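> Quick note, the sequences are listed as chains A, B, C and D, same order. Under our numbering, think of the first position of the first sequence as 4, with each following residue one higher. Under our numbering, think of the first position of the second sequence as 4, with each following residue one higher. Under our numbering, think of the first position of the third sequence as 11, with each following residue one higher. Under our numbering, think of the first position of the fourth sequence as 11, with each following residue one higher. My questions all concern the structure below.
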Amino acid sequence: MLDGLYQEIILDHYKHPHGRGLREQFDGEAHHVNPTCGDEITVRVNADMSDISYDGLGCSISQASASVLHELLEGKDSATIAEVHRAFVELMQSRGAVEPDEDVLGDGIAFAGVAKFPARVKCALLPWMAFKDAAARAGVEVGASPEVKA
Amino acid sequence: MLDGLYQEIILDHYKHPHGRGLREQFDGEAHHVNPTCGDEITVRVNADMSDISYDGLGCSISQASASVLHELLEGKDSATIAEVHRAFVELMQSRGAVEPDEDVLGDGIAFAGVAKFPARVKCALLPWMAFKDAAARAGVEVGASPEVKA
Amino acid sequence: MSFDVARVRKDFPIFEREVNGHPLVYLDSANTSQKPVQVLDVMRAHQERHNGNVSRSVHTLGTESTEMYEGARARIASFIGAGSPDEVIFTKNSTEAINLVAHSAGQFLALKEGDEIVISEMEHHSNLVPWQLLCERTGATLRWFGITDEGRLDESQLDELVNERTKLVSVAHMSNVLGTINDPARLVERARQVGALVMLDASQSVPHFAVDVRALGVDFIAFTGHKMLGPTGIGVLWGRFGLLSEMPPFLAGGSMIETVTMGKTTYAPPPARFEAGTPPITEAIGLGAAVDYLTGIGMDEIHRHEQEITAYALEQLAAVPGVRIYGPASPVSRGGTVSFGVDGVHPHDVGQVLDALGVEVRVGHHCARPVCQRFSVPAMTRASFYLYTTTEEIDALARGLDQVRKVFG
Amino acid sequence: MSFDVARVRKDFPIFEREVNGHPLVYLDSANTSQKPVQVLDVMRAHQERHNGNVSRSVHTLGTESTEMYEGARARIASFIGAGSPDEVIFTKNSTEAINLVAHSAGQFLALKEGDEIVISEMEHHSNLVPWQLLCERTGATLRWFGITDEGRLDESQLDELVNERTKLVSVAHMSNVLGTINDPARLVERARQVGALVMLDASQSVPHFAVDVRALGVDFIAFTGHKMLGPTGIGVLWGRFGLLSEMPPFLAGGSMIETVTMGKTTYAPPPARFEAGTPPITEAIGLGAAVDYLTGIGMDEIHRHEQEITAYALEQLAAVPGVRIYGPASPVSRGGTVSFGVDGVHPHDVGQVLDALGVEVRVGHHCARPVCQRFSVPAMTRASFYLYTTTEEIDALARGLDQVRKVFG
Ligand SMILES: Cc1ncc(COP(=O)(O)O)c(C=O)c1O
Ligand SMILES: Cc1ncc(COP(=O)(O)O)c(C=O)c1O
Numbered sequence: 004m005l006d007g008l009y010q011e012i013i014l015d016h017y018k019h020p021h022g023r024g025l026r027e028q029f030d031g032e033a034h035h036v037n038p039t040c041g042d043e044i045t046v047r048v049n050a051d052m053s054d055i056s057y058d059g060l061g062c063s064i065s066q067a068s069a070s071v072l073h074e075l076l077e078g079k080d081s082a083t084i085a086e087v088h089r090a091f092v093e094l095m096q097s098r099g100a101v102e103p104d105e106d107v108l109g110d111g112i113a114f115a116g117v118a119k120f121p122a123r124v125k126c127a128l129l130p131w132m133a134f135k136d137a138a139a140r141a142g143v144e145v146g147a148s149p150e151v152k153a
Numbered sequence: 004m005l006d007g008l009y010q011e012i013i014l015d016h017y018k019h020p021h022g023r024g025l026r027e028q029f030d031g032e033a034h035h036v037n038p039t040c041g042d043e044i045t046v047r048v049n050a051d052m053s054d055i056s057y058d059g060l061g062c063s064i065s066q067a068s069a070s071v072l073h074e075l076l077e078g079k080d081s082a083t084i085a086e087v088h089r090a091f092v093e094l095m096q097s098r099g100a101v102e103p104d105e106d107v108l109g110d111g112i113a114f115a116g117v118a119k120f121p122a123r124v125k126c127a128l129l130p131w132m133a134f135k136d137a138a139a140r141a142g143v144e145v146g147a148s149p150e151v152k153a
Numbered sequence: 011m012s013f014d015v016a017r018v019r020k021d022f023p024i025f026e027r028e029v030n031g032h033p034l035v036y037l038d039s040a041n042t043s044q045k046p047v048q049v050l051d052v053m054r055a056h057q058e059r060h061n062g063n064v065s066r067s068v069h070t071l072g073t074e075s076t077e078m079y080e081g082a083r084a085r086i087a088s089f090i091g092a093g094s095p096d097e098v099i100f101t102k103n104s105t106e107a108i109n110l111v112a113h114s115a116g117q118f119l120a121l122k123e124g125d126e127i128v129i130s131e132m133e134h135h136s137n138l139v140p141w142q143l144l145c146e147r148t149g150a151t152l153r154w155f156g157i158t159d160e161g162r163l164d165e166s167q168l169d170e171l172v173n174e175r176t177k178l179v180s181v182a183h184m185s186n187v188l189g190t191i192n193d194p195a196r197l198v199e200r201a202r203q204v205g206a207l208v209m210l211d212a213s214q215s216v217p218h219f220a221v222d223v224r225a226l227g228v229d230f231i232a233f234t235g236h237k238m239l240g241p242t243g244i245g246v247l248w249g250r251f252g253l254l255s256e257m258p259p260f261l262a263g264g265s266m267i268e269t270v271t272m273g274k275t276t277y278a279p280p281p282a283r284f285e286a287g288t289p290p291i292t293e294a295i296g297l298g299a300a301v302d303y304l305t306g307i308g309m310d311e312i313h314r315h316e317q318e319i320t321a322y323a324l325e326q327l328a329a330v331p332g333v334r335i336y337g338p339a340s341p342v343s344r345g346g347t348v349s350f351g352v353d354g355v356h357p358h359d360v361g362q363v364l365d366a367l368g369v370e371v372r373v374g375h376h377c378a379r380p381v382c383q384r385f386s387v388p389a390m391t392r393a394s395f396y397l398y399t400t401t402e403e404i405d406a407l408a409r410g411l412d413q414v415r416k417v418f419g
Numbered sequence: 011m012s013f014d015v016a017r018v019r020k021d022f023p024i025f026e027r028e029v030n031g032h033p034l035v036y037l038d039s040a041n042t043s044q045k046p047v048q049v050l051d052v053m054r055a056h057q058e059r060h061n062g063n064v065s066r067s068v069h070t071l072g073t074e075s076t077e078m079y080e081g082a083r084a085r086i087a088s089f090i091g092a093g094s095p096d097e098v099i100f101t102k103n104s105t106e107a108i109n110l111v112a113h114s115a116g117q118f119l120a121l122k123e124g125d126e127i128v129i130s131e132m133e134h135h136s137n138l139v140p141w142q143l144l145c146e147r148t149g150a151t152l153r154w155f156g157i158t159d160e161g162r163l164d165e166s167q168l169d170e171l172v173n174e175r176t177k178l179v180s181v182a183h184m185s186n187v188l189g190t191i192n193d194p195a196r197l198v199e200r201a202r203q204v205g206a207l208v209m210l211d212a213s214q215s216v217p218h219f220a221v222d223v224r225a226l227g228v229d230f231i232a233f234t235g236h237k238m239l240g241p242t243g244i245g246v247l248w249g250r251f252g253l254l255s256e257m258p259p260f261l262a263g264g265s266m267i268e269t270v271t272m273g274k275t276t277y278a279p280p281p282a283r284f285e286a287g288t289p290p291i292t293e294a295i296g297l298g299a300a301v302d303y304l305t306g307i308g309m310d311e312i313h314r315h316e317q318e319i320t321a322y323a324l325e326q327l328a329a330v331p332g333v334r335i336y337g338p339a340s341p342v343s344r345g346g347t348v349s350f351g352v353d354g355v356h357p358h359d360v361g362q363v364l365d366a367l368g369v370e371v372r373v374g375h376h377c378a379r380p381v382c383q384r385f386s387v388p389a390m391t392r393a394s395f396y397l398y399t400t401t402e403e404i405d406a407l408a409r410g411l412d413q414v415r416k417v418f419g
């Protein structure tokens, strides 16, 4: 039961996060909080997405999700970013009904199991929603993802 | 079932009330309202209880009760008034467990059946509570009757 | 399948009981409705198998409870045609929903002396006293529509009553005393011209006929679970999301916050912002089940049935000597709530004699004292119907009134 | 008869179910408690046989319902040692009860700039945010007691904190995070010296040990039905009658009035003044049944059992490597609520692994974010106990924590 949630890939990203730590040069920043559990994340981006940095406090799912986001989106063009972002949000809101595409989501496919745990979906989405806001503040629209409830 | 409530005596007092109509000379007056049904009564008394007058809008029980009150208390000395008042209130709050004393309560014994209808007890008591307040305002303490809830 | 009142009644366990030796004739649904076994079973299942607090835990019971609670919200939202479940706020009853608006929208509108709130003379106290208090707090003025002799909302002064000083209009969608159904169309149009908000007290309408908040074009509606086959302890405020998201919180506490420090708190978006503390979880789930039940039968079927019963009741009552009906005399634009007087007999006494025969009607001012004053009576007797009411029950009422006249003749 | 936890558990249908293939181990009673069949049966009987609205009708169903509702009020009053049932006001939860005081007593005290309200850092958001808002509305200042490193209320600054500017003090009787039980004696004494009112948030105390409002000497307490074997949707405000009878209404509407005209309303005496609209009738009756059940077992028995379980849990948790307990380390003056951290593992993950083993604990800030900040953590894991908790369940928790350390080792 737990295996579906805590995939090795997720635990790896949690224990060895990619690109963690805020950098001083950025065009947009967003700070998001999960009001039920108190988890927090700050995401900073450059307008050209050459740099995505983040820091936060949170559970394995939200931390691993931030690490995967960094890996998938940093340095990508805006079409790719929009596609990946949409695919990840869709996967998380699917309740397990969507088969993830590894070509698009890479390590993100490990989160397919999380979609079956409604209480954890918001953990996984926290960095992605913060990223979207940070990007918007840097002048980049990531696309109209469906509304996510806290 | 209804017979217990609507005794002939009560219907008689309702149809032919004693002493009804407000008089201009009085030492104390009180206006009481039953908030659930909107019934109202005004009672006026002289300090020596030689005159008790009243007027109001209400159901058969409250109107008959006012008529009986008038009959039982007008012109009585304060000890008698206190005794009758106490006996009537006690009867009404007895839920039918008290055997009324005709020597004290006269026609008031017809209200024994009302005590078994919790929703109507406050109808029967409305004039008695208004009387107590009016008497207090005329300087006569009728005694510490138990609190009555609207 | 066509509407079958006998089949419907089988779902309501209370109809098996007797009152004072007579079969129960329940004609007090405008006060509170009876509850079908389908609603009670869903509530019991929640309490016995899935009970956990909502939106606060990752554990299985909490997750199940949250899904049932949020599922109920979603079904109630679609029942009233809301744009999104986030527009549905759970309260404990209609009264709290209206008070919420009186406080929160009152603050949002920054009311002050010179501003006006408009209600009507046919309001339930719950859609009257909160506005009186709001006016006391802010210095705004309370104004109201009158009632015509036929028991209709008197809109003849509409343009004068609703003017550029008006900030909010709140009226009953259906009167709980007169049975009148108010069409808010002209009122809404006028309110839009002057920029006022419109609230409908839908406590008596949502239970009885299809209500679509978007078609109505209003800003808020309030209704209450116990009048629509649901449990006590649950009500709903629906509001336009754009408006709700601008409004400050009313009750404060757990679950309505975004982040809290001792010095400063920020608030969650609606609906959470307006649901402080542990909500009536089982009760919301019960109301969801009630909505499923009503939808299963069909609100149009229910309305048609009630129209038939009402027409029959108006006829039967008109035939009883000494009976005077308050409110519209025909079933057009009126619901299944009929208030009346019996010449020379106080409503308390009418109700008492009827109860002795197992016929349960309400007597008094029905929490709408100004309506009684409008018709110069201290109290009225009211018979009110629902999907389970039969013509035989109306006959029992009419027979009971004969008995009333006999006792007090 | 002595306390028998196995017998008690038989009354709770939910313990028959499994969670994720394991027997349910419910360690989240501080969040919401489970409900015995005795409570559910009384509620069902009310809904199926006696359902009618209260205090509004002369009919038999209404009278029966009113007697059950008022009977519950009377039994709850004697459960907490109230002077009279009229001191017991039904609300929908603790949160509403506290908001009621923040609005109504706030208005009664005519708060203004310079006045002070005192709370503590260990408050649930429901006993914090309403006072923040009251201070915002009135210009009064919010001040608070700190928490010692042991998780106790820091009363060292009592005389400075509670001073002649203080108008009201409101603190938790028992912390929902740390488990600390606060003795209000010194605080009450000091408050009396300066003429301040005292409210206790008894949400976590009334369910777990005998509380006597007169012995405590406070002015108000709030508690909530769903944490004490009762249903959701019901809470209680207790207040001294003399005070309640001076206070203005909060929510307004049906049933709280004396007489109403369009221009002016007068209000009923307490408790009706504070119970606008149709109250949570079935829920109040359910809470009455819960109080009967608790009384039947005995609050002292329950407290003794919880003390044993708590001592055992503190021992077992202290023995798990990497576990840090927040709050008093011994069972003295603390209740059966134990919050802790597991080194290097986020509470969300602790809770998730435990849930997979059927062990239901709460994780997060527990609606008391300042407590987490005080101990410099974003969240905690909390296990909380009740009369039905067994030592075997504590063992399951300890085993679960070994599993947590394995997954995240
Ligand atoms: C100490 C304390 N106060 C207040 C509350 C609020 O209770 P409710 O959510 O039932 O209003 C709770 C529980 O949530 C609590 O533990
Ligand atoms: C028209 C109307 N508005 C408001 C209410 C108040 O509903 P509740 O008592 O459930 O708050 C009622 C019923 O009592 C009503 O009939």
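Ideal Cβ placement from N, Cα and C applies to all residues, glycine included. Owing to the predicted nature of the structure, the values given are computational and were not obtained by experimental measurement.
Would you tell me roughly how many angstroms separate the C-alpha atoms of C/L168 and C/L197, rounded to the nearest one?
7 Å
> Could you name the residues of the same chain whose beta carbon sits closer than 6 Å to that of B/R23, not counting the 5 residues immediately before and after it, in chain order?
none
> Note down, in chain order, each residue of its chain lying with its Cβ closer than 6 Å to the Cβ of A/H34, except the 5 sequence neighbours on either side.
T45
> Using a cut-off of 9 Å between C-beta atoms, extract the partners of A/A122 located in chain C.
S65, S67, V68, H69, G72, T73 and T76, listed in chain order.
> Counting only C-beta atoms, is C/P23 closer than 9 Å to chain D at any point?
yes
> At least one CB of chain C closer than 9 Å to the CB of D/P259: is that the case?
Against chain C, the CB of D/P259 has a partner CB under 9 Å away; the residue lies at that interface.
> With C/L207 as the anchor, note down where its beta strand (DSSP E) starts and where it stops.
L207 to D211
> Please list, in chain order, the chain D residues whose beta carbon lies closer than 8 Å to that of B/V36.
For B/V36, the residues of chain D that pass the 8 Å Cβ criterion are E268 and T269, in the order they occur in the chain.
> Helix, strand or coil: which one does DSSP assign to B/V151?
Legend: pLDDT at B/V151 = 45, less than 50; position of this residue unreliable, value from coordinates given subsequently. In this structure, B/V151 counts as coil in the three-state DSSP scheme.
> Three or more beta-carbon pairs under 8 Å between the stretch 113–131 of chain A and the stretch 86–105 of chain A, yes or no?
yes
> List the residues that DSSP assigns as beta-bridge partners of D/G156.
D/D164
> List, in chain order, every chain B residue whose beta-carbon is nearer than 8 Å to that of C/V371.
Residues of chain B passing the Cβ test: none, with the nearest at roughly 13 Å.
> Quick check: does the Cβ of C/D211 come within less than 8 Å of any heavy atom belonging to ligand 2?
yes
> If I measure Cβ to Cβ from B/A153 and keep anything under 8 Å in the same chain, skipping five residues before and after, which residues do I get?
The predicted position of B/A153 is uncertain, since its pLDDT is 36 and thus under 50; no value can be drawn from it.
> What is the DSSP secondary structure of A/M132, reduced to helix, strand or coil?
Here A/M132 sits in helix by DSSP.
> Just to confirm before moving on: does the CB-CB distance between D/T105 and C/T288 stay below 9 Å?
yes
> Roughly how many whole angstroms lie between the Cα atoms of D/A84 and D/L254?
17 Å
> For D/S340, is the beta carbon positioned less than 8 Å from some heavy atom of ligand 1?
no
> If you scan the stretch 47–88 of chain A from start to end, which runs of the alpha helix (DSSP H) of 4 or more residues do you find wholly inside it?
63–76
> Classify D/A366: buried if its beta carbon has 16 or more other beta carbons within 10 angstroms, exposed otherwise.
buried
> Looking at chain B, is there any beta carbon in it that lies within less than 9 Å of the beta carbon of C/G374?
yes
> Cβ of B/A2 within 9 Å of Cβ of B/P121?
Residue 2 of chain B cannot be examined here, being either before or after the span of chain B that is shown, 4 to 153.
> Quick one: which chain A residues come within Cβ less than 9 Å of D/P388?
C40, G41, D42, E43, L60 and G61
> If you check the beta carbons only, do C/Q413 and D/V68 fall under 9 Å apart?
no
> Spell out the partners DSSP gives D/V2 in its beta bridges.
This structure does not reach residue 2 of chain D, given that chain D is present from 11 up to 419, and the question cannot be answered.
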